[in-house]
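S.K.: What follows is a structure written as structure tokens; I'll ask about it next.
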Amino acid sequence: MTWPDQFVQQMQHQLGEAQNAFFESLETPPPVSILLNPGKPLPFSSDLDLVRWNSHGRYLPSRPVFTLDPLFHAGTYYVMEASSMFLAEAVRQCVDLSQDLKVLDLAAAPGGKSMVLASVLSADSLLLSNEVINSRYQTLKYNVSKWGYPNIWTSNNDAEGLKQLGPYFDLVVVDAPCSGEGLFRREPEAANEWSPEHVQHCSARQKKILADTIELIRPGGYLIYSTCTFNTLENDQNAEWLKKEMDLQPIELNLPEEWNIQATAFGYQFFPHLLKGEGFFLACFQKKGNPSSVKEGKSKGNRSSLQKISKKEKTAIRPWLAPDKDFTAFLHPKTGEIHLIPASLEESARHIARQVKKIHLGTILGSLKRDQLVPAPAWALSIWKSEKLSSVELGEMEALQFLKKNPLPVEKIPKGWQLITYRGQGLGWVKGLGKRVNNYYPNNWRILMDIPQEHTSFW
Ligand code: SAM
Numbered sequence: 012m013t014w015p016d017q018f019v020q021q022m023q024h025q026l027g028e029a030q031n032a033f034f035e036s037l038e039t040p041p042p043v044s045i046l047l048n049p050g051k052p053l054p055f056s057s058d059l060d061l062v063r064w065n066s067h068g069r070y071l072p073s074r075p076v077f078t079l080d081p082l083f084h085a086g087t088y089y090v091m092e093a094s095s096m097f098l099a100e101a102v103r104q105c106v107d108l109s110q111d112l113k114v115l116d117l118a119a120a121p122g123g124k125s126m127v128l129a130s131v132l133s134a135d136s137l138l139l140s141n142e143v144i145n146s147r148y149q150t151l152k153y154n155v156s157k158w159g160y161p162n163i164w165t166s167n168n169d170a171e172g173l174k175q176l177g178p179y180f181d182l183v184v185v186d187a188p189c190s191g192e193g194l195f196r197r198e199p200e201a202a203n204e205w206s207p208e209h210v211q212h213c214s215a216r217q218k219k220i221l222a223d224t225i226e227l228i229r230p231g232g233y234l235i236y237s238t239c240t241f242n243t244l245e246n247d248q249n250a251e252w253l254k255k256e257m258d259l260q261p262i263e264l265n266l267p268e269e270w271n272i273q274a275t276a277f278g279y280q281f282f283p284h285l286l287k288g289e290g291f292f293l294a295c296f297q298k299k300g301n302p303s304s305v306k307e308g309k310s311k312g313n314r315s316s317l318q319k320i321s322k323k324e325k326t327a328i329r330p331w332l333a334p335d336k337d338f339t340a341f342l343h344p345k346t347g348e349i350h351l352i353p354a355s356l357e358e359s360a361r362h363i364a365r366q367v368k369k370i371h372l373g374t375i376l377g378s379l380k381r382d383q384l385v386p387a388p389a390w391a392l393s394i395w396k397s398e399k400l401s402s403v404e405l406g407e408m409e410a411l412q413f414l415k416k417n418p419l420p421v422e423k424i425p426k427g428w429q430l431i432t433y434r435g436q437g438l439g440w441v442k443g444l445g446k447r448v449n450n451y452y453p454n455n456w457r458i459l460m461d462i463p464q465e466h467t468s469f470w
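Following this note's numbering, the numbering of the sequence shown begins with 12 at its first residue and continues without gaps.
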């Protein structure tokens with residue numbers, strides 16, 4: 012592979028003799044890794060290699076066709092580059108994870124960092140997973156649905172669109188749009204877009220995003236800034252700017268030497284010739300000032316349009332939920348769908364809905380029609396659904412046929428709503444009608460590729 016001359020010069024300058032090992036590593040196949048969903052533990056053991064810096068991370072021996080694994084569609088794991096799973100360790104060292112926190116993932120699509128965050132936060136913490144570009148926001152919503160957590164909410168804004176919230180969050184993660192040098196091994200053609208001017212543009216854009224974002228962090232709260240690039244103009248120089256111009260306090264992390272993560276002046280850099288992962292940079296900061304939380308519900312703004320469901324409706328939906336879950340249910344004013352959130356987050360939901368446009372709260376349970384619930388696709392994937400729902404377990408081939416919306420064996424499907432499961436994990440809904448089965452898997456989620464008769468699973 013031929014890399015842009017100025018990129019080679021940049022890496023020579025940055026790495027000295029190590030540049031040979033660096034460029035050689037770019038010629039080797041990228042490792043394949045997944046993040047396991049702790050909310051959906053697998054009912055079998057696997058001997059996959061562990062990612063050192065994230066207990067939910069696993070390497071696969073080769074890249075399978077993920078589309079042909081029903082467990083991928085069930086959200087039991089997310090396909091994610093290993094270095095960027097380091098966010099969990101950084102968060103663990105910055106904040107007290109036994110507390111219920113308010114966390115913003117500002118640049119969240121397609122969702123990897125949000126999955127990492129949700130996997131370490133307490134069940135009553137709030138994670139607002141935000142993405143500015145609408146098409147990418149739709150992908151984010153789909154991935155968050157698959158992960159299945161009622162405390163991950165999504166919104167479609169930039170930092171400016173969230174500013175009404177004021178200094179609201181205990182932790183803000185800015186996984187910034189960057190020049191992407193760290194992904195050149197996976198996508199060598201991306202190097203064609205690279206130029207020193209593009210790096211400068213990315214660096215300046217990051218400063219603007221970061222400056223807008225700092226206003227959203229409460230005094231004493233934390234900022235994590237990350238990129239998937241190597242150059243210092245975006246990484247360390249922006250981190251230095253955060254310290255000097257934005258008056259943030261850099262946080263030093265304590266990392267085992269054998270992880271081979273390089274400490275830079277203000278952050279931590281991952282190089283592919285030193286560890287099993289792609290290029291990644293991360294720096295942590297604390298905002299100065301005395302910790303104080305924003306009082307919810309007292310801020311000015313539009314009246315919250317959130318309407319709670321009636322007692323009767325609450326009784327009607329109760330059997331669909333795991334019995335130990337304390338929930339609040341809101342009716343969406345336009346769609347009539349019921350959104351479920353942890354009861355402890357009701358005030359946060361009202362506060363955020365008052366201040367922020369284009370927000371999606373919690374998990375959609377479904378809609379009530381004549382006191383009967385029509386379950387939503389997202390509910391099949393929820394970690395809060397009841398384990399006692401009427402369900403039909405399918406084998407791998409049948410599960411793939413379900414996901415492709417091909418006909419299912421009618422004799423296997425009892426009458427009424429049935430949760431389709433594969434290895435115990437929910438995939439979606441069908442309704443048995445006796446002589447026919449209606450498949451409610453969303454058209455835009457379904458498998459499009461042809462399903463081969465045989466293939467080998469990596470599990
Ligand atoms: N955090 C994501 C993950 O782990 O899957 C990857 C995020 S990607 C590196 C950067 C994201 O920033 C993109 O989704 C991009 O649309 C978004 N973005 C671009 N301009 C932005 C802006 N001005 N403010 C906030 N986000 C922006």
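Every residue, glycine too, gets a C-beta built ideally from N, C-alpha and C. Note that the coordinates shown come from a computational prediction; the quantities given were computed from them, not determined experimentally.
Looking at the unbroken alpha helix (DSSP H) that takes in Arg-457, where does it start and where does it end?
M.R.: Unbroken run through Arg-457: none, as it is neither H nor E.
S.K.: Any idea if Arg-229 is buried or exposed, counting beta-carbon neighbours within 10 angstroms, 16 or more meaning buried?
M.R.: The residue is buried, with at least 16 neighbouring Cβ atoms inside 10 Å.
S.K.: Can you tell me whether His-371 is helix, strand or coil according to DSSP?
M.R.: If DSSP states are grouped into helix, strand and coil, His-371 belongs with the strands.
S.K.: Are the region 440-454 and the region 405-420 in contact at 8 angstroms, needing three or more beta carbon pairs?
M.R.: Result yes; three or more Cβ-Cβ pairs closer than 8 angstroms.
S.K.: Is Lys-11 near the ligand SAM - that is, is its Cβ less than 6 angstroms away from at least one heavy atom of it?
M.R.: With the chain covering 12 to 470 only, the question about residue 11 has no answer from this structure.
S.K.: Any idea if Phe-55 is buried or exposed, counting beta-carbon neighbours within 10 angstroms, 16 or more meaning buried?
M.R.: The residue in question, Phe-55, is exposed, as its Cβ has fewer than 16 Cβ neighbours within 10 Å.
S.K.: Taking 6 angstroms as the cut-off, does the CB of Arg-197 come closer than this to any heavy atom belonging to the ligand NAP?
M.R.: In terms of ligand content, the structure shown lacks the ligand NAP and carries the ligand SAM instead.
S.K.: In whole angstroms, what separates the C-alpha of Gln-280 from that of Leu-182?
M.R.: C-alpha separation (whole angstroms): 21 angstroms.
S.K.: Would you say the region 202-215 touches the region 154-172, given that touching needs at least three Cβ pairs under 8 angstroms?
M.R.: No: fewer than three Cβ pairs fall under 8 angstroms.
S.K.: Going by other Cβ atoms of all chains shown within 10 Å of its Cβ, with 16 needed for buried, is His-209 buried or exposed?
M.R.: His-209 is exposed by the Cβ-count criterion.
S.K.: For a test of the three-state rule: what should DSSP assign to Tyr-452, helix, strand or coil?
M.R.: If DSSP states are grouped into helix, strand and coil, Tyr-452 belongs with coil.
S.K.: Give the secondary structure of Val-421 by DSSP, where H, G and I count as helix, E and B as strand, and everything else as coil.
M.R.: It is helical.
S.K.: For Gly-406 and Trp-395, what's the separation of their Cα atoms in angstroms?
M.R.: Taking the straight line from one Cα to the other gives about 24 angstroms.
S.K.: Helix, strand or coil for Asn-473 per DSSP?
M.R.: Because the chain in this structure spans residues 12 to 470, residue 473 falls outside the shown range and cannot be described.
S.K.: Contact between the region 184-198 and the region 232-242: three or more CB pairs below 8 angstroms?
M.R.: Yes, since at least three Cβ pairs between the region 184-198 and the region 232-242 fall closer than 8 angstroms, the two stretches touch.
S.K.: Starting from the Cα of Asn-65, find the closest Cα among Leu-46, Glu-226, Pro-72, Gln-17 and give me that residue.
M.R.: Answer by Cα proximity: Leu-46.
S.K.: Would you call the region 248-258 in contact with the region 15-33, where contact means no fewer than 3 C-beta pairs closer than 8 angstroms?
M.R.: No: fewer than three Cβ pairs fall under 8 angstroms.
S.K.: Compute the minimum distance between the beta carbon of Val-210 and the heavy atoms of the ligand SAM, and state whether it is under 6 angstroms.
M.R.: No - the ligand SAM has no heavy atom lying nearer than 6 angstroms to the Cβ of Val-210.
S.K.: Does the Cβ-Cβ distance between Pro-42 and Tyr-88 come in under 7 angstroms?
M.R.: No, these two residues do not count as a Cβ contact at 7 angstroms.
S.K.: Within the present structure, is the beta-carbon of Ile-144 separated from the nearest heavy atom of the ligand SAM by less than 6 angstroms?
M.R.: At least one heavy atom of the ligand SAM is nearer than 6 angstroms to the Cβ of Ile-144, so yes.
S.K.: Would DSSP call Asp-16 helix, strand or coil?
M.R.: In this structure, Asp-16 counts as helix in the three-state DSSP scheme.
S.K.: Mind checking whether the beta-carbon of Asp-169 lies closer than 6 angstroms to any heavy atom of the ligand SAM?
M.R.: Yes, the Cβ of Asp-169 comes within 6 angstroms of a heavy atom of the ligand SAM.
S.K.: Which first and last residues belong to the beta strand (DSSP E) in which Trp-428 is found?
M.R.: That run of the beta strand (DSSP E) goes 427-433.
S.K.: Nearest CA to the CA of Lys-51: which residue from Leu-37, His-84, Thr-39?
M.R.: Per the Cα distances, His-84.
S.K.: Do you know how far the Cα of Arg-381 is from the Cα of Met-96?
M.R.: In a straight line, the C-alpha of Met-96 is about 45 angstroms away from that of Arg-381.
S.K.: Assuming Ala-88 is part of the alpha helix (DSSP H), what are its boundary residues?
M.R.: The sequence given here places Tyr at residue 88; Ala does not occur at that position. From DSSP, Tyr-88 is part of no alpha helix (DSSP H) but of the beta strand (DSSP E) over 88-90.
S.K.: Could you name the residues that DSSP lists as bridge partners for Ala-298?
M.R.: Per the sequence presented here, residue 298 reads as Lys, with Ala not at that position. Answer by DSSP bridge pairing, in chain order: Leu-259.
S.K.: Quick check on this structure: which residue in Met-408, Gln-429, Pro-199 has the alpha carbon closest to the alpha carbon of Ala-387?
M.R.: Of the candidates Met-408, Gln-429, Pro-199, the one whose C-alpha sits nearest the C-alpha of Ala-387 is Gln-429.
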